[in-house]
Structure formats: C-alpha cells, structure tokens
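Working notes for the structure below.
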Amino acid sequence: MGQPKKALVCGAGGFIGSHLVKYLKEKGYWVRGVDRKYPEFGPTAADDFLILDLCHEENCIRALTLDNTSESGLDEVYQLAADMGGMGFIHSAECEIMHNSMLINVHMTNNAANMGIKRYFFSSSVCVYRDMKHGEPEMTEAQAVPANPDNEYGWEKLYSERMAMAYGRKYGMNVRIARFQNCYGPEGTWTGGREKAPASICRKVAEAADDGMIEVWGDGTAVRSYTHVYDMVDGIYRLMQSDLVGAVNIGCPQYVSVNELVDTVAKVAGKKISIRHIDGPVGVQSRNFSNERIYSIGWKPKVFLEEGIAITYPWIEEQVRKARVSV
Ligand code: NAD
Numbered sequence: 003m004g005q006p007k008k009a010l011v012c013g014a015g016g017f018i019g020s021h022l023v024k025y026l027k028e029k030g031y032w033v034r035g036v037d038r039k040y041p042e043f044g045p046t047a048a049d050d051f052l053i054l055d056l057c058h059e060e061n062c063i064r065a066l067t068l069d070n071t072s073e074s075g076l077d078e079v080y081q082l083a084a085d086m087g088g089m090g091f092i093h094s095a096e097c098e099i100m101h102n103s104m105l106i107n108v109h110m111t112n113n114a115a116n117m118g119i120k121r122y123f124f125s126s127s128v129c130v131y132r133d134m135k136h137g138e139p140e141m142t143e144a145q146a147v148p149a150n151p152d153n154e155y156g157w158e159k160l161y162s163e164r165m166a167m168a169y170g171r172k173y174g175m176n177v178r179i180a181r182f183q184n185c186y187g188p189e190g191t192w193t194g195g196r197e198k199a200p201a202s203i204c205r206k207v208a209e210a211a212d213d214g215m216i217e218v219w220g221d222g223t224a225v226r227s228y229t230h231v232y233d234m235v236d237g238i239y240r241l242m243q244s245d246l247v248g249a250v251n252i253g254c255p256q257y258v259s260v261n262e263l264v265d266t267v268a269k270v271a272g273k274k275i276s277i278r279h280i281d282g283p284v285g286v287q288s289r290n291f292s293n294e295r296i297y298s299i300g301w302k303p304k305v306f307l308e309e310g311i312a313i314t315y316p317w318i319e320e321q322v323r324k325a326r327v328s329v
C-alpha cells in the first residue's frame, strides 16, 4: 500500500467541513483540519487539528506547511472557511463577511499556489445568482455573469472564485469550485442567529407543542432547494477528483416553498403546526439553476427532502431537549 493522500480542510470545525473530514477519512486520507474552533457537536475525525485564524497570512502558511520546507507537502486543499450564516446573518453582517471571508481567500489561494498545491477546492454558493421567479428556466453556471447577487456574501464568493481561477491558470494549480445550494443535516448550526432555514424550522417545530404555531419570516412562498450534507460531501469529493474546470452547481433538484418546508418538518415530527408569517429577511424569491455539470461526472442526490429531514429533525429535537435540561 502506498502513502495515503494528505488533505487540508479549512473550516473543519464547521458544519460541512466536519462532515467532509469524516468522508475523507473513510476514503483513507490523512487529514489536517483547521478552524477558529473545534467542531461543536462531537470530536473531529481529523488526524491533526489546528486552531488558527485564517484571516492572517502567517496562519494560512502554517496550515499549509507539513514539513518545514517551502513546499506544502499536502496533496489537496479544501477551502470551506468563511463567515457564514442564514439570511438573518447574511443581511446583518455584510462588512464582516466581506472583510473576513475575503482575507481568508486572498491568503489561502495565494499561499496554496505559491507552496505548490496541485488541487485546490473552493466552496462558493448559489448566492452568486440573481433573484429569480419560480419556474424561470434554470441558469447554467456561465449565466451568473453579468452578475447581480442580492447580497454581499454572493459578491464575495464571485470575486474569490475568479481569484482562485486566476491563480490556477498562472501556477498550474487544479482549481475546483462548487456553488453549494442550501445545505442541511445533523450537526449543523441550529440556534444562535447563524442557522439556516431547515435547521431553524426544525428547532421551532421541536420547541412547539402539538397543534402549536411557529413564526416564519416572509409570506412563506419563497422557493428553495435543499441538499443534504451527505450528498454535498460526496459531490465535493467527486468534483475535486474530476476534470471539471470552472464553477459547478451542486444541488438537489427538488424545489419547495418555505411553507412546504414547514409542512415536511411537521409531518416528520408528527405534529400539527400552523404558521404566523412575520416581517424578516427573506432573500431571493427563487433561484433555479442547472445541475447538469455535476451530473456529468456521475453525481446525483440520493437524499430528498423528507428523508433528509427525517435524518435531521431527531438530532435537532435532541439538542432542544438537552438545552432545556441544562437551563
Ligand atoms: P460553517 O459556519 O458551519 O463553517 C465555516 C467554518 O469556517 C466555521 O467553523 C468557522 O469557525 C470557520 N471560520 C470562519 N472564519 C474563520 C477564520 N478567520 N479562520 C478559521 N476558520 C474560520 O458553514 P458551512 O455551512 O459549513 O459552510 C462551509 C462553506 O460552504 C462556506 O464557505 C460557506 O460559505 C459555503 N456554503 C454553505 C452553504 C450552506 O448551506 N451551509 C451554502 C452555500 C455555500
């Protein structure tokens, strides 16, 4: 048996990053994780875990250095570290997102290229696409330009995509870019203000009595699609091993309104739940985009919404129960 491949996962203390570390370990990789924090909900699966603030260049170099040489020694870098949250956070923390995530990407991309990394993954987002109406024809990756994202998070992702591509061309680094759709699953942020819609609704339903009412931002007609984290990490890995150059959407082609998401969670919870619609940051009405590029390398989502919620809801319900006991 040869040496295992060596991967760095930036953002390994976060939701998708911690699942990706587990996935890479199952594939036989040696993995170094790096983040500002350890994973919140269980021990990391990484062989080596560094607590570092990647906004600082010297910390990016440290994360990329295996032996004390100017070459990295790592085979693959997965860059998932970002200032990140649901719509509430994205609209209230524009400066933090543009400042922190940009610094991380400027330093990681530059130093990964300079230190001879051969494969570099960047986690972008479907937030790069403009606001759309439900039912509009699906957009391909190229149609993100001319660009008009509805939030600064999307603009930061677009710039960082282009920077990664430019470094890839100049330094011969194989850059792979995924535009993630809304991702959900166990061990994701479920409270505190950064949680995204599926986790937030699972929490509200878990907290509500049977026959209870929950509050939802907007009129509930905004349409989204949700990708389970198990499918997402599989997509990331397959994309990284592929020859697909340029941005690639990764998402589940099942579009549901926020009201339908609530109904699905209520069904899984076995509760009758009504909704009070209140003012709040809703984001775009819809985003419809093509998954043909990721399908072309053999990836298809396996976990559709009801099954994914059936995996996720019990975990969030358990967190709600534990939080009640500890008060
Ligand atoms: P997350 O917030 O759980 O993970 C991001 C991690 O980055 C966190 O653990 C955070 O501590 C870390 N981080 C932030 N600033 C850092 C710094 N200065 N130094 C070191 N670590 C730092 O988010 P996630 O949902 O796992 O998202 C991972 C990536 O996927 C992000 O780039 C995000 O923008 C992208 N993405 C996620 C979704 C989604 O639905 N979750 C959708 C589109 C794109």
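According to this note's numbering, the stretch in the sequence shown is residues 3 to 329, in order. Every residue, glycine too, gets a C-beta built ideally from N, C-alpha and C.
Quick one: grab the DSSP three-state call for Ile252.
Counting from 1 along the sequence shown, the entry for residue 252 is found at position 250. Of the three classes helix, strand and coil, the one that applies to Ile252 here is strand, per DSSP.
Here's the rule I'm using: 16 or more other beta-carbon atoms within 10 Å means buried, otherwise exposed. How should Val327 be labelled?
Numbered from 1 along the sequence shown, position 325 holds the residue referred to as residue 327. Flag for Val327 reads exposed.
Enumerate in chain order the residues of its own chain whose CB-to-CB distance from Trp219 is below 6 Å, with the five nearest sequence positions on each side excluded.
Numbered from its first residue, the sequence shown carries residue 219 at position 217. Closer than 6 Å at Cβ, skipping near neighbours: Gly282, Val284.
Counting only the same chain and skipping the five closest in sequence on each side, list residues whose C-beta sits under 8 Å from that of Met165.
In the sequence shown, the residue the question calls residue 165 occupies position 163. Here the set comprises Asn107, Val108, Thr111.
Determine the direct distance from the alpha carbon of Cys12 to that of Arg240, and round the result to whole angstroms.
Position 238 of the sequence shown, counting from 1, holds the residue named residue 240. Position 10 of the sequence shown, counting from 1, holds the residue named residue 12. Each residue's alpha carbon lies about 18 Å from the other.
Around the C-beta of Cys185, are 16 or more other C-beta atoms found within 10 angstroms, so that it is buried, or is it exposed?
Taking the sequence shown and counting its residues from 1, the one referred to as residue 185 is at position 183. It counts as buried.
If distances are taken between C-alpha atoms only, which option among His101, Val128, Glu28, Gln81 comes closest to Asn113?
In the sequence shown, residue 113 corresponds to position 111, counting from 1. Comparing Cα-Cα distances from Asn113 to each of His101, Val128, Glu28, Gln81, the minimum goes to Gln81.
His279 - partner residues in DSSP beta bridges
Within the sequence shown, numbered from 1, the residue matching residue 279 stands at position 277. DSSP lists Val218 as partners of His279.
With H, G and I counted as helix, E and B as strand and the rest as coil, what does DSSP make of Asp233?
The count along the sequence shown starts at 1 and reaches residue 233 at position 231. Correct three-state label for Asp233: helix.
Taking only the alpha-carbon atoms, compute the straight-line gap between Trp301 and Asp236 and give it to the nearest angstrom.
Numbered from its first residue, the sequence shown carries residue 301 at position 299. Numbered from its first residue, the sequence shown carries residue 236 at position 234. If I take the Cα positions, the gap works out to 8 Å.
Does any heavy atom of the ligand NAD sit closer than 7 Å to the C-beta of Phe123?
Position 121 of the sequence shown holds residue 123. Not so, every heavy atom of the ligand NAD lies at least 7 Å from the Cβ.
Complete beta strand (DSSP E) runs within the region 49-90 (minimum length 3 residues, chain order):
50-53, 78-81
When every heavy atom of the ligand NAD is checked, does at least one fall within less than 7 Å of the C-beta of Ala84?
For the purposes of this step, residue 84 is taken as residue 82 along the sequence shown, with counting starting at 1. Yes, since a heavy atom of the ligand NAD falls inside the 7 Å radius drawn around the Cβ of Ala84.
Let me check you understand the geometry: is the CB of Thr193 closer than 7 Å to at least one non-hydrogen atom of the ligand NAD?
Taking the sequence shown and counting its residues from 1, one reaches residue 193 at position 191. Flag unset: Cβ of Thr193 not near the ligand NAD.
Determine, using beta carbons only, whether Ile106 comes closer than 8 Å to chain B.
The chain labelled as chain B is not found in the depicted structure, where only one protein chain is given.
When burial is assigned at 16 or more other CB atoms within 10 Å of the CB, is Pro303 buried or exposed?
Stepping through the sequence shown from its first residue, residue 303 is reached at position 301. Looking at its Cβ environment, which holds 16 or more other Cβ atoms inside 10 Å, Pro303 is buried.
Identify which residue in Ser288, Lys7, Asp37 has its Cα closest to the Cα of Phe17.
What you label residue 17 is simply residue 15 of the sequence shown in a count that begins at 1. Ranking the options by Cα distance to Phe17, first place goes to Asp37.
Look up Leu10 in the DSSP assignment and give the residues it is bridged to.
Numbered from its first residue, the sequence shown carries residue 10 at position 8. BP columns for Leu10 point to Arg34, Val79.
So, are the CB atoms of Met175 and Ile119 less than 8 Å apart?
Translated into positions along the sequence shown, residue 175 becomes position 173. Translated into positions along the sequence shown, residue 119 becomes position 117. Closer than 8 Å, so yes.
Touching by the beta-carbon criterion (3+ pairs, under 8 Å), the region 143-161 and the region 116-132
yes
Name the one or two DSSP bridge partners that Ala180 has.
Residue numbering aside, residue 180 sits at position 178 when the sequence shown is read from its first letter. Answer is Ser125, Val250, bridged to Ala180.
Could you give the distance in angstroms between the alpha-carbon of Tyr297 and the alpha-carbon of Tyr122?
Against the sequence shown, residue 297 aligns to sequence position 295. Against the sequence shown, residue 122 aligns to sequence position 120. Each residue's Cα considered, the two are about 21 Å apart.
Sheet register partners of Phe291 (DSSP bridge)
Within the sequence shown, the letter at position 289 stands for residue 291. The partner list for Phe291 (beta bridge, DSSP) reads Met141.
Among Tyr31, Glu143, Leu56, the one whose alpha carbon lies nearest that of Asp50:
In the sequence shown, residue 50 corresponds to position 48, counting from 1. Ranking the options by Cα distance to Asp50, first place goes to Tyr31.
Looking at Asp37 and the ligand NAD, is the gap between the Cβ and the nearest heavy atom below 7 Å?
Here the question's residue 37 lines up with position 35 in the sequence shown. Under cutoff, so the answer is yes.
The ligand NAD heavy atoms versus the CB of Ser127: any closer than 7 Å?
For the purposes of this step, residue 127 is taken as the residue at position 125 of the sequence shown. Ser127 Cβ: within cutoff of the ligand NAD.
Count the other CB atoms within 10 Å of the CB of Met242; is the residue buried (16 or more) or exposed (fewer)?
Here residue 242 refers to the residue found at position 240 when the sequence shown is read from its first residue. Burial call: buried.
What residues are listed by DSSP as bridge partners for Met134?
Here residue 134 corresponds to residue number 132 of the sequence shown, with the count starting at 1. Beta-bridge pairing links Met134 to Ser288.
Please state the DSSP three-state secondary structure of Val264.
Sequence index remark: in the sequence shown, residue 264 carries index 262 (1-based). Note: Val264 maps to helix in three-state DSSP.
What number of angstroms, rounded off, separates the C-alpha of Ala146 from the C-alpha of Trp317?
Here residue 146 refers to the residue found at position 144 of the sequence shown. Here residue 317 refers to the residue found at position 315 of the sequence shown. About 35 Å.
Does the distance from the C-beta atom of Met100 to that of Glu154 stay below 8 Å?
Along the sequence shown, read from residue 1 onward, the residue named residue 100 stands at position 98. Along the sequence shown, read from residue 1 onward, the residue named residue 154 stands at position 152. A contact, by the Cβ cut-off of 8 Å.
Between the Cα of Ile277 and the Cα atoms of Ile313, Ala210, Phe306, which residue gives the shortest distance?
The residue labelled residue 277 in the question sits at position 275 within the sequence shown. Of Ile313, Ala210, Phe306, the residue nearest in Cα terms is Ala210.
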